[in-house]
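Colleague: Chains as they are written, first to last, in my numbering: chain A, 1 to 307; chain B, 1 to 446.
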Amino acid sequence: MSVASASTEKKRRGWFKEEFGDPERRTAYYMVLPSLLIIVIIAFFPILYGIVLSLTDSTIAGFGSFVGLENYTEMFQDPDFLEGLSNTVIFTVVSVALEFIIGLGIALAINRAFRGRGLVRAAVLVPWAFPTVIAAVMWRLMFQSQVGIIQYVASATDIISDPILSSRTLLLIAAILVDVWKTTPFMALLLLAGLQVIPGEVYEAARVDGANVTQRFFRITLPLLKGAILVALLFRTLDAYRVYDLFWVMSNRELQSLSTYVYEGVRISQLQFGPGNAASVFIFVTAFLIALFFIRVLGMRTSAEEE
Amino acid sequence: MTERNEGSGVFAGRKLNRRDFLKMGSAGLAGAALLGAAGCGGGSGGSGEIIFSYGPDTDGSIAKLIDKFNKQNKGGIQATHRQMPADTGQYYDKLRTEFQAASGDISVIGVDVIWPKQFAPQNWIIDLSDRFPASEQKKFIPSTIEVASYEDGVYAVPWVSCPDVGLLYYRKDLLEESGISGPPETWDELKEMALQVSEEAGIQNGFIFQGSNYEGGVCNALEYIWTHGGDVLDENNKVVIDSPEAAAGLATYASMVSSGAAPEAVANWTETESSANFYNEDSVFIRYWPSLYGGLGDPETTKLKPEQVGIVPIPTDKPGNPSYSTLGGWQMSINVNTEIEDDAWKFIQFMTSEQSQKTRTIINGGDPSREAVYDDPEAQKATPVIKLADTVLFDNGKSRPVTEYYGDMSLEMAEQFNSVLKGDVSPEEAVKALQESLSQIMEETQ
Numbered sequence: 001m002s003v004a005s006a007s008t009e010k011k012r013r014g015w016f017k018e019e020f021g022d023p024e025r026r027t028a029y030y031m032v033l034p035s036l037l038i039i040v041i042i043a044f045f046p047i048l049y050g051i052v053l054s055l056t057d058s059t060i061a062g063f064g065s066f067v068g069l070e071n072y073t074e075m076f077q078d079p080d081f082l083e084g085l086s087n088t089v090i091f092t093v094v095s096v097a098l099e100f101i102i103g104l105g106i107a108l109a110i111n112r113a114f115r116g117r118g119l120v121r122a123a124v125l126v127p128w129a130f131p132t133v134i135a136a137v138m139w140r141l142m143f144q145s146q147v148g149i150i151q152y153v154a155s156a157t158d159i160i161s162d163p164i165l166s167s168r169t170l171l172l173i174a175a176i177l178v179d180v181w182k183t184t185p186f187m188a189l190l191l192l193a194g195l196q197v198i199p200g201e202v203y204e205a206a207r208v209d210g211a212n213v214t215q216r217f218f219r220i221t222l223p224l225l226k227g228a229i230l231v232a233l234l235f236r237t238l239d240a241y242r243v244y245d246l247f248w249v250m251s252n253r254e255l256q257s258l259s260t261y262v263y264e265g266v267r268i269s270q271l272q273f274g275p276g277n278a279a280s281v282f283i284f285v286t287a288f289l290i291a292l293f294f295i296r297v298l299g300m301r302t303s304a305e306e307e
Numbered sequence: 001m002t003e004r005n006e007g008s009g010v011f012a013g014r015k016l017n018r019r020d021f022l023k024m025g026s027a028g029l030a031g032a033a034l035l036g037a038a039g040c041g042g043g044s045g046g047s048g049e050i051i052f053s054y055g056p057d058t059d060g061s062i063a064k065l066i067d068k069f070n071k072q073n074k075g076g077i078q079a080t081h082r083q084m085p086a087d088t089g090q091y092y093d094k095l096r097t098e099f100q101a102a103s104g105d106i107s108v109i110g111v112d113v114i115w116p117k118q119f120a121p122q123n124w125i126i127d128l129s130d131r132f133p134a135s136e137q138k139k140f141i142p143s144t145i146e147v148a149s150y151e152d153g154v155y156a157v158p159w160v161s162c163p164d165v166g167l168l169y170y171r172k173d174l175l176e177e178s179g180i181s182g183p184p185e186t187w188d189e190l191k192e193m194a195l196q197v198s199e200e201a202g203i204q205n206g207f208i209f210q211g212s213n214y215e216g217g218v219c220n221a222l223e224y225i226w227t228h229g230g231d232v233l234d235e236n237n238k239v240v241i242d243s244p245e246a247a248a249g250l251a252t253y254a255s256m257v258s259s260g261a262a263p264e265a266v267a268n269w270t271e272t273e274s275s276a277n278f279y280n281e282d283s284v285f286i287r288y289w290p291s292l293y294g295g296l297g298d299p300e301t302t303k304l305k306p307e308q309v310g311i312v313p314i315p316t317d318k319p320g321n322p323s324y325s326t327l328g329g330w331q332m333s334i335n336v337n338t339e340i341e342d343d344a345w346k347f348i349q350f351m352t353s354e355q356s357q358k359t360r361t362i363i364n365g366g367d368p369s370r371e372a373v374y375d376d377p378e379a380q381k382a383t384p385v386i387k388l389a390d391t392v393l394f395d396n397g398k399s400r401p402v403t404e405y406y407g408d409m410s411l412e413m414a415e416q417f418n419s420v421l422k423g424d425v426s427p428e429e430a431v432k433a434l435q436e437s438l439s440q441i442m443e444e445t446q
């Protein structure tokens, strides 16, 4: 291309000319324009609006004036926010790790051919099919002191004597366990789908070459499952990172996460609107970074067209 | 296609091909889903229909009254009930969205007693002083008018289930069995009796209440602070919670659990759990709202009979000291954006009239706000609690420290009071922390 050898200035003008000078290309742009506009309006406008709000002293009643990063400094000094952040990070890391290990085990188990496999696969999915809010209420009842079965067993066996719902540490542990209970099946399902596309011949060949079970798992299963693992981990990480309903319903608004902090600031409090907005931008940016980390660093594939 | 993309894209200076852009885009979209959409609609003032927003009409009394109003106004303006969430917080959320959009859709708003002083400074509801003169206000229980007032105006008319006050219920039969002559007057007596009777009667809990980290927990703890001579705000709206009296109140509050008179579980109980526990005959004493009495004798609710249960005012720190009960309940206000102010007022007048209040009190067992209804034999027969607890309802109701930013104050208080109950924070630390955080919030008000 002649453009490549020209100066930067010319290159830019040439680029523009090439893209828009050609009537056919121009038509193409016109035709794509409506979809682009829709994407901008649907995806980017709310994001930008949220960012702009977080830089002003707006309240629920009206748009305010520009205050720079004041909301962010206030947010980082707020103990409630820090508590929400640490809860969210602990919850995400621990629950996703447990879900992955157990989910992989389940996926490997039900990947084998055995009688009643279909039934087992369906049964495994039951906890995942529960609406989170219902599951949270159900577990809250079981954790309840005096009437809850778990609290009863825990007290009777002297494992836990304090009321579970009164301690934030115990609540966080409970939330992690409930999340593991609920979403491990989803993890298993995603991993199972990955396992099923690994051709049987590869294993046969390995067996012929004398590879044992461990070798087959680490040399064949894991590398070939990498794509599915990354997708499953990204889904679950982002999902766990914005945890809201499980925390609030199960703990009756006691356990703070990043999302509950946003809700509290934006919807309940009249004075925390700014920091609440800042926190929503914080969640967006950090979630974006998590996604980027998976795609760039871990090399996750986002589409099938790539080799 | 390589170089012509140089310098464009999100990261300037780095090559970004279409695939990469799509990757970034998909990551961005994943993130976008996390950001709540923010938007608001334009305002409009509905006319031709009076929309009355209120919680669920579980007993049909609202429908009955509205029917009557519509019949009386045949050919004229008609009213409908728009159902709102029973949970005060959720209802408040919905209303706030309406106000933000400057919508005049709802003309008559059923308001919680903590709202008039929050809504009035924001100019969300109308000052009713001209229509609701002092001569008319006198016919209502004074505390219910006080909560509806802001500066020189009055912004709401009290309805049925206002005053809703804290009461101490006790099991008459069990106290008699233990040879106790009368109900407790002080917190210490309550504690002793709760421990003694629950043990002798073999009942799980001595005393229960609503101690969770929520508005109801604030209502409970405030009664301890007030009955020990403490307060949150003084008459000039200055924060005065950091006082020995308030700390003593919270110490008594925490001692209910630490002494074993109340179970540790009350620290996460609300109305639902506590009433179920009392109805299930698992507790001797309960602090609750007047509505608990209506369930007694109803076989679907409980095996307890009304004659087994007595009602007394909230205990105090020393005999003879005044008792205070946190005032709750519902009132009616007019939306500032409505176009049918006069019709809305007509509707409020009808709904809060003596006759309508009597009808609703008989059907749903709420406490009327008009003093005259308390003398009505029919109302007394249908809802005995208005006779049993009339002095508490008339005299002991005390408003929470409501100001423009009460929502934020309540969050702070709920958290601290709950921590004290759980033993995580000492009463002295709690009142110090609250003095600071509440003062900060009050600064915003000025």
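Using N, Cα and C, we set each Cβ at its ideal position, and we do this for glycine too. Keep in mind the model is a prediction, meaning the values are calculated, not measured.
Roughly how many angstroms separate the alpha carbons of A262/B and R115/A, rounded to a whole number?
Modeller: The residue you call residue 262/B lines up with position 262 of the second sequence. The residue you call residue 115/A lines up with position 115 of the first sequence. Roughly 55 Å between the two C-alpha positions.
Colleague: In the structure shown, what three-state DSSP assignment does E49/B receive?
Modeller: Locating residue 49/B in the second sequence gives position 49, where the first residue counts as 1. Note: E49/B maps to strand in three-state DSSP.
Colleague: I'd like to confirm the pairing. Which residues does DSSP put opposite N418/B in its beta bridges?
Modeller: In the second sequence, counting from the first residue as 1, residue 418/B sits at position 418. Per DSSP, none; premise fails for N418/B.
Colleague: What residues in the region 200-222 of chain B bring their beta carbon closer than 9 Å to a beta carbon of chain A?
Modeller: Q204, N205, S212, N213 and Y214
Colleague: Answer yes or no: does any C-beta atom of chain A fall closer than 8 Å to that of I106/B?
Modeller: Taking the first residue of the second sequence as position 1, residue 106/B is located at position 106. No, I106/B lies away from the interface with chain A (no Cβ there is under 8 Å from its Cβ).
Colleague: With a CB to CB cut of under 6 Å and the five nearest residues on each side skipped, what residues in its chain are close to N277/B?
Modeller: As a working note, residue 277/B is residue 277 in the second sequence. So the qualifying residues of the chain are I208 and S283.
Colleague: Quick check on the burial criterion: 16 or more other C-beta atoms within 10 angstroms. Buried or exposed for F63/A?
Modeller: The count along the first sequence starts at 1 and reaches residue 63/A at position 63. Burial call: exposed.
Colleague: How big is the Cα-Cα spacing for R400/B and P85/B?
Modeller: Here residue 400/B refers to the residue found at position 400 of the second sequence. Here residue 85/B refers to the residue found at position 85 of the second sequence. Distance between the alpha carbons of R400/B and P85/B is about 22 Å.
Colleague: Is the CB-CB distance between L233/A and V178/A below 8 Å?
Modeller: Stepping through the first sequence from its first residue, residue 233/A is reached at position 233. Stepping through the first sequence from its first residue, residue 178/A is reached at position 178. No.
Colleague: For the region 371-388 of chain B against the region 83-98 of chain B, are there 3 or more C-beta pairs whose distance is under 8 Å?
Modeller: no
Colleague: Based on DSSP bridge pairs, tell me the residues matched to R370/B.
Modeller: Start at 1 with the first residue of the second sequence, and residue 370/B comes out as number 370. Under the DSSP definition of a beta bridge, R370/B partners with F140/B.
Colleague: Would the beta-carbon of C219/B fall within 8 Å of that of G329/B?
Modeller: On the second sequence, position 219 is the one that residue 219/B refers to. On the second sequence, position 329 is the one that residue 329/B refers to. No, Cβ-Cβ distance for C219/B and G329/B is not below 8 Å.
Colleague: DSSP three-state call for Q331/B: helix, strand or coil?
Modeller: Sequence index remark: in the second sequence, residue 331/B carries index 331 (1-based). Correct three-state label for Q331/B: strand.
Colleague: Looking at Y405/B and L271/A, is the spacing between their C-beta atoms short of 8 Å?
Modeller: Along the first sequence, read from residue 1 onward, the residue named residue 271/A stands at position 271. Along the second sequence, read from residue 1 onward, the residue named residue 405/B stands at position 405. In this structure, Y405/B lies closer than 8 Å to L271/A by Cβ.
Colleague: Can you tell me where the beta strand (DSSP E) holding Y169/B begins and where it ends?
Modeller: Working through the second sequence from its first residue, we reach residue 169/B at position 169. Counting along the chain, the beta strand (DSSP E) containing Y169/B begins and ends at L167 to R171.
Colleague: Going along chain B, which residues have a C-beta under 7 Å from I60/A?
Modeller: For the purposes of this step, residue 60/A is taken as residue 60 along the first sequence, with counting starting at 1. Chain B residues near I60/A: R96 and Q100.
Colleague: Keeping to the same chain, check which residues put their C-beta closer than 8 Å to that of Y29/A; ignore five residues upstream and five downstream.
Modeller: What you label residue 29/A is simply residue 29 of the first sequence in a count that begins at 1. So the qualifying residues of the chain are E19 and F20.
Colleague: Okay, do the region 141-152 of chain A and the region 256-267 of chain A touch, 3+ Cβ pairs below 8 Å being the bar?
Modeller: Using a C-beta cut-off of 8 Å, the region 141-152 of chain A makes no contact with the region 256-267 of chain A, since fewer than three inter-stretch Cβ pairs fall below that distance.
Colleague: Looking at G217/B and D79/B, is the spacing between their C-beta atoms short of 8 Å?
Modeller: For the purposes of this step, residue 79/B is taken as the residue at position 79 of the second sequence. For the purposes of this step, residue 217/B is taken as the residue at position 217 of the second sequence. Here residue 79/B turns out to be Ala, not Asp, going by the sequence shown. Against a cut-off of 8 Å, the Cβ pair of G217/B and A79/B comes out as no contact.
Colleague: Note down the Cα distance separating S5/A from R25/A, rounded to an integer number of angstroms.
Modeller: For the purposes of this step, residue 5/A is taken as the residue at position 5 of the first sequence. For the purposes of this step, residue 25/A is taken as the residue at position 25 of the first sequence. The pLDDT assigned to S5/A is 48, lower than 50, so where the model puts this residue is not dependable, and the model offers no usable value.
Colleague: Since D164/B sits in a beta bridge, which residues does DSSP pair it with?
Modeller: Position 164 of the second sequence, counted from the start, is the residue given in the question as residue 164/B. Partner(s): G328/B.
Colleague: Q83/B and P116/B - do their beta-carbons sit closer together than 8 Å?
Modeller: Working through the second sequence from its first residue, we reach residue 116/B at position 116. Working through the second sequence from its first residue, we reach residue 83/B at position 83. Against a cut-off of 8 Å, the Cβ pair of Q83/B and P116/B comes out as no contact.
Colleague: Taking a Cβ distance cut-off of 9 Å, strictly less, list which residues of the region 95-128 of chain A are near chain B, in chain order.
Modeller: none
Colleague: Looking at the C-beta of L411/B, does it have a partner C-beta in chain A at a distance below 8 Å?
Modeller: Reading the second sequence from its first residue, position 411 is the one you call residue 411/B. Yes - at least one Cβ of chain A is within 8 Å of the one on L411/B.
Colleague: What runs of the beta strand (DSSP E), each 3 residues or longer, lie entirely inside the region 216-293 of chain A?
Modeller: Fully enclosed beta strand (DSSP E) runs of 3 or longer: not present.
Colleague: So if DSSP puts N205/B in a beta bridge, which residue, or which two residues, is it bridged to?
Modeller: In the second sequence, the residue the question calls residue 205/B occupies position 205. Answer is S283/B.
Colleague: Any heavy atom of the ligand FAD closer than 7 Å to the beta-carbon of Q331/B?
Modeller: The ligand FAD is absent from the structure shown, which contains no ligands of any kind.
Colleague: Measuring only the C-alpha atoms, how far is A37/B from N337/B?
Modeller: Here residue 37/B corresponds to residue number 37 of the second sequence, with the count starting at 1. Here residue 337/B corresponds to residue number 337 of the second sequence, with the count starting at 1. For A37/B, the predicted structure reports a pLDDT of 35, less than 50, and the residue's modelled location is therefore unreliable. The matter cannot be settled from this model.
Colleague: Based on the DSSP secondary-structure assignment, which residues constitute the bridge partners of L233/B?
Modeller: Numbered from its first residue, the second sequence carries residue 233/B at position 233. DSSP lists V239/B as partners of L233/B.
Colleague: Would G39/B be called buried (16 or more neighbouring beta carbons within 10 Å of its own) or exposed?
Modeller: To locate residue 39/B, count along the second sequence from 1; it is residue 39. Reliability of the predicted coordinates at G39/B is poor, the pLDDT of 35 falling under 50, and the value obtained from them is presented with this limitation in mind. The residue is exposed, with fewer than 16 neighbouring Cβ atoms inside 10 Å.
Colleague: Compare the C-alpha of L250/B against each of L222/B, A267/B and E192/B and name the closest.
Modeller: Numbered from 1 along the second sequence, position 250 holds the residue referred to as residue 250/B. If we check each option's Cα against that of L250/B, L222/B comes out closest.
Colleague: With which residues is T445/B paired in a DSSP beta bridge?
Modeller: Position 445 of the second sequence, counted from the first residue, corresponds to residue 445/B. Partner(s): none; T445/B has no beta bridge.
Colleague: So the beta strand (DSSP E) T80/B belongs to, where does it begin and stop?
Modeller: If you number the second sequence from 1, residue 80/B lands on position 80. First-last of the beta strand (DSSP E) with T80/B: Q78 to Q83.
Colleague: Nearest chain A C-beta to I441/B closer than 8 Å, yes or no?
Modeller: Stepping through the second sequence from its first residue, residue 441/B is reached at position 441. It does: the Cβ of I441/B has a partner Cβ on chain A nearer than 8 Å.
Colleague: Enumerate in chain order the residues of its own chain whose CB-to-CB distance from V133/A is below 7 Å, with the five nearest sequence positions on each side excluded.
Modeller: Taking the first residue of the first sequence as 1, we reach residue 133/A at position 133. Correct list, in chain order: D245 and V249.
Colleague: Determine the closest residue to L104/A out of S166/A, G68/A, Q77/A and V180/A, with distance taken between C-alpha atoms.
Modeller: The sequence position of residue 104/A within the first sequence is 104, counting from 1. Comparing Cα-Cα distances from L104/A to each of S166/A, G68/A, Q77/A and V180/A, the minimum goes to V180/A.
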